[in-house]
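If you read the protein sequences in the order shown, they are chains A and B.
With the first sequence counted from 1, adding 1 to any position gets you my numbering.
With the second sequence counted from 1, adding 1 to any position gets you my numbering.
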Amino acid sequence: MSLSKRQRARVIRGVQYGVLVLAVVVFALIADWHQLRMAFFDVEVAKALFPDIITTALVNTVLYTLLGFGFGLALGLVLALMRLSSVPPYRWIAVTYIEFFRGIPCLLVFIALGFGVPLAFEVALDMNVTVMLSLGLVGAAYMAETIRAGIQAVPKGQTEAARSLGMSHGRAMISIVIPQAFRIVLPPLTNELILLTKDSSLVYLLGLSLTQFELANFGRDALNEHKSLTPILIAGLLYLVITLPLGQLVRRLEARTAKAR
Amino acid sequence: MSARSALPVIAVATAVVVLAGCSSTTSGGKKGAGGLELVSSGTLKTCTHLPYAPFQVKKDGKVVGFDVDLVDLVAKDLGVTQEIVNTPFEGIETGQDFTIRKCDLAAAGMTITPARDKVMDFSDPYFNATQALLTKKGKPFKKVEGLKGKKLGYQKATTGGIYAKKHGKGVELVEFEDLGLLLTAVKSGQVDAGINDNGVLFDYVKQNPDTAVTAEFNTGEHYGIGVRTGNDALRKKINAAVKKAKSDGTYDRIYKKWFGTTPQS
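Here's what the structure looks like:
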């Protein structure tokens, strides 16, 4: 039996799909669906979560993320410019900062700020401020690198043209380069926003009052109260409610950037 | 065989290996000493949540404490060694850790409550506990009710939290993931007071003289060792070991070692 090249390719692809389907079927057969359903889909438990899981937990997750992202973006821009500066100490500071905060777990930053600051200065920072600083300090390290790459991706000719029109270096940066850079880095920045959304769950380390619960903590608290995993599933789905549209947005922006080129 | 056609072969081979792996791991626990089923033979796996001094605490790379010594007696009777599994307390008290066969028993300074009794089986009580209030030294708080408008910290999924929720009308309750964070929050002034079991708070105050235990609430709580629902073989072994320790003085000796006094009752 001799197959042409195309036929053989088709057979091979068929086998690959077959293996995938088989794996799914076997998983579906060996999983204990009754147990899973009992644990994850308890309708009564799910009902008890609403509306608080939306009005408190979802809202707080979004709030914490935006606080961290806003602060991180501002600091990230400053760091990126410092890193590209012609003044060596600025570059050193920026590089040290980026390497440090990119290299340590966000969890440790939360503990250091949340417990270290009150112990050192005997003032307890406002919860929102602590979250903003913790998420922002880490986020800024990543965003600085992203923004720097964006600035460097703007063609040199743009700066030269701006300077030849009589703009100062700073003016050219603000009016010409940075706006174009942000257009380039919008997709990776949105990625960072999604990462921060999930990192915002680390806020539990600070100790939360009932009105400060975010999604992950809310889910785990309800898990203890109801002795059911359903709240975890619902919390997970609500994270997707936040992050899936953001992913969609990234793709939309990518397509637009591609078209504009 | 060209490189391209090798791909599906690898895929099939991987799938077969994965499937074979699945089917061979479903057998579950192995028979141990005395007809007892242990999660892994030769070791008695204990779930706990660190730190919870003096019941379980890490010292020189080992987990030691009152609970550890007590369970060691059980392990000795079974002719196996104890292995401590550190895991979030919520996994223990919801019974999930037993469901997924993470451990044989849970000794975590855990109060016997009706809700927990539903998801696991408890040994006979082995320790009497009350809830207590920890504050910075010199603070006037003597009752949970007296903390109106102040911040009271509690540990997630603990009876102290339940007590605080029940009696703390008008008190701002703050939830902490574990004891270490709760105690630090009291010390650093992030919360005005913290509620937890007396044993651990007295232990903390000994080492941190700038804090004080200002009140105890007799809630009639008893600690129990939890096992998977229906695991009577192990539960009976635990009860026998604790009973024997109480009658031959071993219990008092361990108690004195960790609390510095002998048990009152």
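Every residue, glycine too, gets a C-beta built ideally from N, C-alpha and C.
Nothing here was measured: the structure is a model prediction, and the numbers come from that model.
Helix, strand or coil for aspartate 73 of chain B per DSSP?
Walking along the second sequence from the start, residue 73 of chain B turns up at place 72. DSSP places aspartate 73 of chain B in helix when its eight states are reduced to three.
Please list the residues of the segment 187 to 220 of chain A that have a C-beta atom closer than 7 Å to any C-beta atom in chain B, keeping them in chain order.
Tyr205, Leu206, Gly208, Leu209, Ser210 and Leu211
Please identify the residue among B:Lys188, B:Tyr155, B:Thr160 and B:Thr185 whose C-alpha is closest to the C-alpha of leucine 174 of chain B.
For the purposes of this step, residue 174 of chain B is taken as the residue at position 173 of the second sequence. Ranking the options by Cα distance to leucine 174 of chain B, first place goes to B:Tyr155.
Aspartate 125 of chain B - DSSP class collapsed to helix/strand/coil:
The residue labelled residue 125 of chain B in the question sits at position 124 within the second sequence. Three-state DSSP puts aspartate 125 of chain B in coil, outside helix and strand.
Residues bridged to leucine 135 of chain B [DSSP beta-bridge criterion]:
Here residue 135 of chain B is taken as the residue at index 134 of the second sequence, counted from 1. For leucine 135 of chain B, which the question treats as bridged, DSSP gives the partners B:Gly195 and B:Val214.
In the DSSP assignment, what residue or residues form a beta bridge with asparagine 210 of chain A?
Counted from its first residue, the first sequence places residue 210 of chain A at position 209. Here residue 210 of chain A turns out to be serine, not asparagine, going by the sequence shown. For serine 210 of chain A, DSSP records a beta bridge to B:Val175.
Three-state secondary structure assigned by DSSP to serine 248 of chain B
Counting from one through the second sequence, the residue named residue 248 of chain B turns up at place 247. Reduced to three states, the DSSP call for serine 248 of chain B is helix.
Measure from the C-beta of leucine 51 of chain B to each C-beta in chain A and report whether the shortest distance is under 8 Å.
Locating residue 51 of chain B in the second sequence gives position 50, counting from the first residue. It does not: the Cβ of leucine 51 of chain B has no partner Cβ on chain A nearer than 8 Å.
Would you say lysine 48 of chain A faces chain B, with C-beta separation under 8 Å as the test?
Looking up residue 48 of chain A in the first sequence gives position 47. It does not; no Cβ of chain B falls within 8 Å.
Please state whether the Cβ-Cβ distance between threonine 215 of chain B and leucine 148 of chain B is less than 8 Å.
Reading the second sequence from its first residue, position 214 is the one you call residue 215 of chain B. Reading the second sequence from its first residue, position 147 is the one you call residue 148 of chain B. Their beta carbons are not under 8 Å apart, which means threonine 215 of chain B does not touch leucine 148 of chain B by this criterion.
Just tell me which of B:Cys104, B:Leu71 and B:Phe90 has its CA closest to the CA of asparagine 232 of chain B.
Walking along the second sequence from the start, residue 232 of chain B turns up at place 231. Checked all of B:Cys104, B:Leu71 and B:Phe90; the closest Cα to asparagine 232 of chain B is B:Cys104.
Starting from the C-beta of leucine 37 of chain B, find all residues in its chain whose C-beta is less than 8 Å away, skip the five residues before and the five after it, and write them out in chain order.
Working through the second sequence from its first residue, we reach residue 37 of chain B at position 36. Closer than 8 Å at the Cβ level, and outside the excluded window around leucine 37 of chain B, lie Leu79, Ala234, Leu235 and Lys238.
Given 8 Å as the limit, is there contact between the segment 37 to 55 of chain A and the segment 227 to 235 of chain A, that is, 3 or more CB pairs closer than that?
Of all C-beta pairs linking the segment 37 to 55 of chain A to the segment 227 to 235 of chain A, three or more are shorter than 8 Å, placing the two stretches in contact.
Along chain B, which residues have their Cβ under 8 Å away from the Cβ of lysine 6 of chain A?
For this step, residue 6 of chain A is matched to residue 5 along the first sequence. Ordered by position in chain B, no residue passes the 8 Å Cβ test against lysine 6 of chain A, which lies about 10 Å from the chain.
Would you tell me roughly how many angstroms separate the C-alpha atoms of lysine 228 of chain A and leucine 241 of chain A, rounded to the nearest one?
As a working mapping, residue 228 of chain A is identified with position 227 in the first sequence. As a working mapping, residue 241 of chain A is identified with position 240 in the first sequence. Going by the C-alpha atoms only, they are around 23 Å apart.
As assigned by DSSP and simplified to three states, the class of glutamate 222 of chain B:
Sequence index remark: in the second sequence, residue 222 of chain B carries index 221 (1-based). In this structure, glutamate 222 of chain B counts as strand in the three-state DSSP scheme.
Limits of the unbroken beta strand (DSSP E) element including aspartate 57 of chain B
Taking the first residue of the second sequence as position 1, residue 57 of chain B is located at position 56. The identity of residue 57 of chain B in the sequence shown is glutamine, whereas the question assumes aspartate. Counting along the chain, glutamine 57 of chain B falls outside any beta strand (DSSP E), and DSSP gives it neither H nor E.
Mind checking if glutamate 123 of chain A is an interface residue toward chain B, Cβ cutoff 8 Å exclusive?
Within the first sequence, the letter at position 122 stands for residue 123 of chain A. Answer yes: the Cβ-Cβ gap between glutamate 123 of chain A and chain B drops below 8 Å somewhere.
Determine, using beta carbons only, whether proline 119 of chain A comes closer than 8 Å to chain B.
Taking the first sequence and counting its residues from 1, one reaches residue 119 of chain A at position 118. Output row for proline 119 of chain A: interface = yes.
Beta-carbon neighbours of glutamine 191 of chain B, restricted to chain A and to distances below 7 Å:
For the purposes of this step, residue 191 of chain B is identified with residue 190 of the second sequence, where counting begins at 1. Within 7 Å Cβ-Cβ: Pro119, Ala125 and Gly208.
Can you name, in chain order, every residue of its own chain whose Cβ lies under 7 Å from the Cβ of methionine 133 of chain A, other than the five neighbours on each side?
Counted from its first residue, the first sequence places residue 133 of chain A at position 132. These residues qualify, in order along the chain: Leu68, Gly69 and Phe72.
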